[in-house]
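Let me begin by presenting the structure, written as structure tokens, before commenting on it.
4 protein chains.
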Amino acid sequence: MLEKLKQQVYEANMQLSQLGLVNFTWGNVSGIDREQGLFVIKPSGVPYEQLKPADLVVVDLKENVIEGKLRPSSDTPTHAVLYRQFPGIRGIAHTHSPWAVSFAAAGRPIPILNTTHADTFYGEIPVSRGLTATEINDDYEENTGKVIVDTFNKQHLSPFEMKGILVNQHGPFTWGMDAKEAVYNAKVLEVVAETDYHTMILNPTVKSMSPNLLNKHYLRKHGENAYYGQKN
Amino acid sequence: MLEKLKQQVYEANMQLSQLGLVNFTWGNVSGIDREQGLFVIKPSGVPYEQLKPADLVVVDLKENVIEGKLRPSSDTPTHAVLYRQFPGIRGIAHTHSPWAVSFAAAGRPIPILNTTHADTFYGEIPVSRGLTATEINDDYEENTGKVIVDTFNKQHLSPFEMKGILVNQHGPFTWGMDAKEAVYNAKVLEVVAETDYHTMILNPTVKSMSPNLLNKHYLRKHGENAYYGQKN
Amino acid sequence: MLEKLKQQVYEANMQLSQLGLVNFTWGNVSGIDREQGLFVIKPSGVPYEQLKPADLVVVDLKENVIEGKLRPSSDTPTHAVLYRQFPGIRGIAHTHSPWAVSFAAAGRPIPILNTTHADTFYGEIPVSRGLTATEINDDYEENTGKVIVDTFNKQHLSPFEMKGILVNQHGPFTWGMDAKEAVYNAKVLEVVAETDYHTMILNPTVKSMSPNLLNKHYLRKHGENAYYGQKN
Amino acid sequence: MLEKLKQQVYEANMQLSQLGLVNFTWGNVSGIDREQGLFVIKPSGVPYEQLKPADLVVVDLKENVIEGKLRPSSDTPTHAVLYRQFPGIRGIAHTHSPWAVSFAAAGRPIPILNTTHADTFYGEIPVSRGLTATEINDDYEENTGKVIVDTFNKQHLSPFEMKGILVNQHGPFTWGMDAKEAVYNAKVLEVVAETDYHTMILNPTVKSMSPNLLNKHYLRKHGENAYYGQKN
Chain L
1 MLEKLKQQVY EANMQLSQLG LVNFTWGNVS GIDREQGLFV IKPSGVPYEQ
51 LKPADLVVVD LKENVIEGKL RPSSDTPTHA VLYRQFPGIR GIAHTHSPWA
101 VSFAAAGRPI PILNTTHADT FYGEIPVSRG LTATEINDDY EENTGKVIVD
151 TFNKQHLSPF EMKGILVNQH GPFTWGMDAK EAVYNAKVLE VVAETDYHTM
201 ILNPTVKSMS PNLLNKHYLR KHGENAYYGQ KN
Chain V
1 MLEKLKQQVY EANMQLSQLG LVNFTWGNVS GIDREQGLFV IKPSGVPYEQ
51 LKPADLVVVD LKENVIEGKL RPSSDTPTHA VLYRQFPGIR GIAHTHSPWA
101 VSFAAAGRPI PILNTTHADT FYGEIPVSRG LTATEINDDY EENTGKVIVD
151 TFNKQHLSPF EMKGILVNQH GPFTWGMDAK EAVYNAKVLE VVAETDYHTM
201 ILNPTVKSMS PNLLNKHYLR KHGENAYYGQ KN
Chain W
1 MLEKLKQQVY EANMQLSQLG LVNFTWGNVS GIDREQGLFV IKPSGVPYEQ
51 LKPADLVVVD LKENVIEGKL RPSSDTPTHA VLYRQFPGIR GIAHTHSPWA
101 VSFAAAGRPI PILNTTHADT FYGEIPVSRG LTATEINDDY EENTGKVIVD
151 TFNKQHLSPF EMKGILVNQH GPFTWGMDAK EAVYNAKVLE VVAETDYHTM
201 ILNPTVKSMS PNLLNKHYLR KHGENAYYGQ KN
Chain Z
1 MLEKLKQQVY EANMQLSQLG LVNFTWGNVS GIDREQGLFV IKPSGVPYEQ
51 LKPADLVVVD LKENVIEGKL RPSSDTPTHA VLYRQFPGIR GIAHTHSPWA
101 VSFAAAGRPI PILNTTHADT FYGEIPVSRG LTATEINDDY EENTGKVIVD
151 TFNKQHLSPF EMKGILVNQH GPFTWGMDAK EAVYNAKVLE VVAETDYHTM
201 ILNPTVKSMS PNLLNKHYLR KHGENAYYGQ KN
């Protein structure tokens with residue numbers, strides 16, 4: 001079932017590795033079929049060089065495994081929460097990419113300092129609060145998803161404009177209209193974390209980009225007035 | 001038309017990717033036929049692995065598309081301004097390479113601290129001012145070109161001696177006598193930004209190179225008394 | 001003799017190179033057959049591209065060469081001490097990977113700041129004291145092993161929970177249930193050193209991870225209640 | 001003539017590129033036949049992917065080209081000075097590798113902080129003074145060699161124990177008993193510069209390694225009591 005989606009999600013998982021965002025089995029990507037309410041996700045702990053499309057696991061939004069011989073990613077409940085709470089998104093990626101983790105462990109958001117950032121993320125990329133002891137001990141992965149949603153609610157962020165977050169002390173989750181876009185956003189987030197780090201050293205009092213420049217770059221690539229790329 | 005130039009510009013675009021200067025579709029290179037007043041540029045948003053020489057777009061200096069089925073790069077107006085205002089240059093490259101972007105976002109020029117820099121760039125590599133809200137909102141890409149030219153005028157720089165600039169909060173533009181040299185200069189700029197960053201940390205009071213050493217290195221590679229490389 | 005173990009240790013040595021952890025002949029991996037009390041180790045100074053399984057040297061726990069035409073790694077006595085003093089471990093890796101060496105030379109442990117670290121190392125990765133002049137001059141490699149064991153004893157660490165250490169001014173030793181896991185741990189240690197370095201710059205007052213989060217991540221991958229990966 | 005030496009020097013030049021120490025045509029390696037008093041060096045400005053053994057140029061110690069259709073490296077006089085003044089060395093490498101250049105441009109030596117360094121370089125790697133205006137304007141490359149020798153004389157260094165130097169604001173020169181060892185030393189110098197940089201940030205008051213540890217590591221690889229590697 002969902003063969004086409006499995007192939008897409010497989011390719012997105014493999015790209016995570018090709019883009020240098022993961023080591024070993026770390027990281028996972030999923031994609032959802034909104035009509036059926038089912039998502040496809042990488043199995044837990046399988047090395048990328050052994051992974052095959054048929055290994056992917058089909059899961060429903062209540063986190064039941066619907067098809068698959070292997071256990072799904074241990075982060076599956078986080079993906080499920082995000083699919084439930086952010087109804088429009090169709091793909092999610094999670095990595096431990098080093099620059100993103102550096103910011104997450106520092107508990108710092110990724111400030112909006114350059115146009116590479118503005119081309120993809122509509123503002124500062126947020127960092128969640130850390131989970132409480134109770135949230136960690138019970139349903140940790142589910143609560144990771146809830147803390148992400150909580151951060152978006154408190155900061156009045158839209159998951160369509162801000163397509164990623166850093167979970168405190170952990171790492172990035174990104175999403176998009178499909179699994180491929182989620183991985184694309186994971187790479188952009190990593191690149192922007194790297195450049196911002198060096199910018200902040202070069203200019204410790206650097207200011208955020210003006211809303212004008214942010215709007216210009218974000219909106220030339222997104223929305224009805226976009227003019228970057230080819231017409232579809 | 002301009003098949004030979006298209007091939008050259010295609011190869012230069014591909015080299016941008018091979019040299020590790022771009023991710024995804026970011027970055028673009030153009031080259032100009034000065035006799036015909038036409039330049040060839042990468043289409044907007046096409047991945048490098050799909051790009052073919054025939055995909056390149058031919059544009060005139062008034063920014064009209066003369067040939068090509070695809071939209072030209074969204075940065076085409078910036079290239080056009082530079083070709084109009086810097087009459088001798090024949091190739092332009094734009095990237096979002098990470099070290100260059102780090103300096104651009106910090107609003108800092110790349111100081112002249114080592115001979116690698118002096119071999120290619122005749123002095124400190126300037127950073128432009130940021131664009132005003134009006135410049136951003138109307139004809140952003142055209143105004144990006146104008147701000148570059150404005151910086152050169154105010155700092156009394158020659159585009160033949162200083163073959164690149166950082167646009168504030170954005171990234172580098174470099175140029176040269178053809179598309180290939182523009183890409184070469186983009187790589188040198190990136191390497192120099194990286195080394196300078198670490199030098200400035202190792203020695204926060206480091207001074208600029210003496211004019212003597214700068215002249216020696218620049219002029220052994222450029223101009224009538226050059227003695228680096230082979231005779232043509 | 002020990003052909004299967006030689007093959008495993010050979011592959012683990014080669015992986016050291018593939019994972020970018022060593023240059024030239026630096027680094028070495030060993031694996032032990034606990035029943036026979038013999039371990040297999042890389043020969044000294046042989047380039048990885050020339051290494052063959054048959055080149056590996058068989059050594060007993062008293063450091064006598066039992067089989068092999070080549071000299072064993074000069075670090076063989078360090079491996080022997082660790083196998084004698086940490087009876088349960090079955091593989092050891094030593095590298096000069098750059099981020100780990102940076103911490104070792106600074107005399108600083110690798111703090112526990114992110115979940116990538118907690119997934120593999122159960123707490124801060126310790127750094128040994130430097131060796132005394134006498135320890136350096138006589139039986140240096142043996143004493144390197146003793147200083148590692150001494151550090152574990154003084155800090156009440158278990159080699160099953162903390163599978164690596166930095167030797168002061170030198171570099172990392174890691175271990176595991178086989179040679180492959182020792183190399184895996186060497187890579188994780190390097191990645192964590194890199195991310196921690198940047199985190200400590202981004203947040204100079206960053207605190208260690210809570211025991212709750214450490215336990216959650218470490219124990220979801222290790223021990224009887226682990227639920228990461230596939231059932232065996 | 002000197003076909004075997006040309007092949008060796010060719011391979012050493014190619015390794016410079018494979019080890020990630022050079023971009024484009026930067027860098028050059030030479031090797032000498034001490035009996036004939038002739039050295040073989042890379043031609044100036046030829047890309048590594050086009051270089052062939054037959055392109056190498058034969059030069060005598062007075063810097064006359066003895067054989068070769070192409071111009072020798074512009075740094076040939078520096079090599080000649082070093083071969084004349086350091087009579088025992090048989091190979092020289094020059095690169096613009098980024099970490100080494102960062103230290104050279106900062107005017108700082110590479111301190112002796114870890115055993116990777118001590119395995120190859122017997123102490124702190126020196127940085128030369130900058131050249132005077134006169135030294136730059138007349139016979140620059142010759143004077144670069146003289147300043148290297150001058151630094152060794154003033155600091156009472158032996159070119160057999162300290163096989164490299166940073167030329168101020170420029171970059172590293174390394175040497176050895178053949179071209180291959182010179183390139184090996186160029187790589188070690190680069191790796192050590194990288195690790196030292198991070199160590200100095202992690203521990204701004206870090207002290208140099210003790211003479212005991214330096215002697216142990218250097219002498220286990222060099223000299224009559226060496227026990228690293230295989231017997232010849």
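Residue numbers (UniProt numbering), protein chains in the order written: chain L, 1 to 232; chain V, 1 to 232; chain W, 1 to 232; chain Z, 1 to 232. For each residue, glycine too, the CB sits at the ideal point set by N, CA and C.
- With a threshold of 16 other CB atoms inside 10 Å of the CB of E161 of chain W, please say whether the residue is buried or exposed. exposed
- Query: With a cut-off of 8 Å, does the C-beta of Q169 of chain V fall near any C-beta of chain L?
  - Reply: yes
- Do N23 of chain W and V191 of chain Z come within 8 Å of each other at the CB atom, strictly closer than that value? yes
- Query: Using the rule of at least 16 other Cβ atoms within 10 Å of the residue's Cβ for burial, across every protein chain shown, is T134 of chain Z buried or exposed?
  - Reply: exposed
- Query: When burial is assigned at 16 or more other CB atoms within 10 Å of the CB, is T205 of chain Z buried or exposed?
  - Reply: exposed
- Length of the line joining the Cα atoms of P109 of chain V and A193 of chain V: 9 Å
- Query: If you run the structure through DSSP and keep just helix, strand and coil, what is F152 of chain L?
  - Reply: helix
- Should V42 of chain Z and N13 of chain Z be called a contact, given that it needs their Cβ atoms to be closer than 8 Å? According to the sequence displayed, residue 42 of chain Z carries Lys and not Val. Yes, they are a contact pair.
- Buried or exposed: where does P72 of chain V fall if 16 or more other Cβ atoms within 10 Å of its Cβ makes it buried? buried
- Taking the continuous alpha helix (DSSP H) assigned at A125 of chain L, which residues delimit it? Residue identity check: residue 125 of chain L is Ile in the sequence provided, not Ala. Segment: none, I125 of chain L is in no alpha helix (DSSP H) and carries neither H nor E.
- Item | Inter-residue spacing [alpha-carbon to alpha-carbon] between P98 of chain L and D178 of chain V | 37 Å
- Same chain only: Cβ atoms within 7 Å of I66 of chain W, ignoring 5 sequence neighbours per side: L38, V58, V59 and D60
- Of the choices V:D75, V:T116, V:L56 and V:A182, whose alpha-carbon is the least far from that of G164 of chain V? V:A182
- Query: Given that F24 of chain W touches chain Z, what residues does it touch there, using C-beta distances under 9 Å?
  - Reply: Y184, K187 and V188
- Item | Paired residues, beta bridge with V58 of chain L - DSSP | L:V40 and L:E67
- Message: Once the 5 residues before and after V81 of chain Z are set aside, which same chain residues still bring their CB inside 7 Å of it?
- Response: E142, G145, K146 and V149
- Query: How would you list, in chain order, the residues of chain V whose beta-carbon sits under 7 Å from the beta-carbon of S74 of chain Z?
  - Reply: R220, Y227 and Y228
- Message: Taking CB distances under 8 Å as the criterion, tell me whether E181 of chain W reaches chain L.
- Response: no
- Can you list, in chain order, the residues of its chain whose CB lies under 7 Å from that of R220 of chain V, leaving out five sequence neighbours each side? A226, Y227 and Y228
- Message: Is it buried or exposed, P47 of chain W, if we count other Cβ atoms within 10 angstroms and call 16 or more buried?
- Response: exposed
- Task: Could you please give me the residues that DSSP links to D178 of chain Z through a beta bridge?
- Result: For D178 of chain Z, which the question treats as bridged, DSSP gives no partner whatsoever.
- Find the nearest neighbour of I89 of chain Z within the set Z:Q230, Z:V40 and Z:R34, judged by alpha-carbon distance. Z:R34
- Query: Taking all protein chains shown into account, do 16 or more other C-beta atoms lie within 10 angstroms of the C-beta of P172 of chain W, making it buried, or fewer, making it exposed?
  - Reply: buried
- Task: Taking all protein chains shown into account, decide if K6 of chain L is buried (16 or more other Cβ within 10 angstroms of its Cβ) or exposed.
- Result: buried
- Beta bridge counterpart(s) of P72 of chain V as assigned by DSSP: V:P43
- Message: Let me confirm a value: S30 of chain L is counted as buried when at least 16 other C-beta atoms fall within 10 Å, else exposed. Which label applies?
- Response: buried
- Message: Residues of chain L with CB closer than 9 Å to the CB of V29 of chain W, please, in chain order.
- Response: Here the premise fails: no neighbours, minimum Cβ distance about 17 Å.
- Item | Under 7 Å from the C-beta of L70 of chain V: neighbouring residues of chain L | Q230
- Determine whether the Cβ of K163 of chain W lies closer than 8 Å to any Cβ atom of chain L. no
- Task: Scan the region 89-112 of chain W for residues whose Cβ lies nearer than 8 Å to a Cβ of chain Z and list them as they occur along the chain.
- Result: H96, P98, W99, V101, S102, F103, A104, A105, A106, G107 and R108
- From the beta carbon of T174 of chain Z, is the nearest beta carbon of chain W less than 8 Å away? no
- Ignoring anything shorter than 4 residues or poking outside the region 155-226 of chain L, list the alpha helix (DSSP H) runs there in chain order. 179-202 and 211-221
- Item | Option nearest A93 of chain Z by Cα separation, candidates Z:P211, Z:Q15 and Z:H198 | Z:Q15
- Message: Can you tell me whether G91 of chain Z is helix, strand or coil according to DSSP?
- Response: strand
- Message: Contact criterion: CB-CB distance below 8 Å. Does M209 of chain W meet it with respect to chain L?
- Response: yes
- Query: Under three-state DSSP, which class holds N13 of chain L?
  - Reply: helix
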